[in-house]
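Numbering (the working numbering), first residue to last: 112 to 228.
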């Protein structure tokens, strides 16, 4: 498995094939099984590279948006396991994350209010 982790190009090619298959309407279960190892080792950087490559191939953002939710739902467990260093306190990214947490809190409050109606 570690060899596969280190071979980013192969992993990204497999993830691209999976993504394109999903966008083309291929059987998701078959694709998940075929590209299981790549899916289990996906990184946030892989996601950006795949989307960039699709744009370079002429796939429009609207086409990508049409299927991205299904693709991310497959990747989400692996992405959640991805280890990352939180930004240093006082950094710009640290404050963006605090702001995001505050927005999430407020949105959840609004959601509860709406559900009560």
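Ideal placement from N, C-alpha and C gives every residue a C-beta, glycine not left out.
Excluding the 5 residues preceding and the 5 following residue i in the sequence, name in chain order all residues of the same chain whose CB lies nearer than 6 Å to its CB.
i, result
"residue 157", "123, 126"
Taking 8 Å as the cut-off, decide whether the C-beta atoms of residue i and residue j are in contact.
i, j, result
"residue 196", "residue 175", "no"
"residue 143", "residue 185", "yes"
"residue 152", "residue 189", "yes"
Taking only heavy atoms of the ligand HEM into account, decide whether any of them is closer than 7 Å to the Cβ of residue i.
i, result
"residue 139", "The model depicted lacks the ligand HEM and carries no ligand whatsoever."
At what residues does the alpha helix (DSSP H) containing residue i begin and finish?
i, result
"residue 200", "Neither: residue 200 is in no alpha helix (DSSP H) and is coded neither H nor E."
"residue 191", "172-192"
Let me make sure I understand the geometry here. Which of the options has the alpha-carbon closest to that of residue i?
i, options, result
"residue 139", "182, 228, 177", "182"
"residue 149", "165, 168, 129", "129"
"residue 134", "118, 147, 206, 165", "165"
Just to confirm my understanding: we take residue i, look at its own chain, exclude 5 residues before and 5 after, and list those with CB closer than 7 Å. What are they?
i, result
"residue 205", "198, 199"
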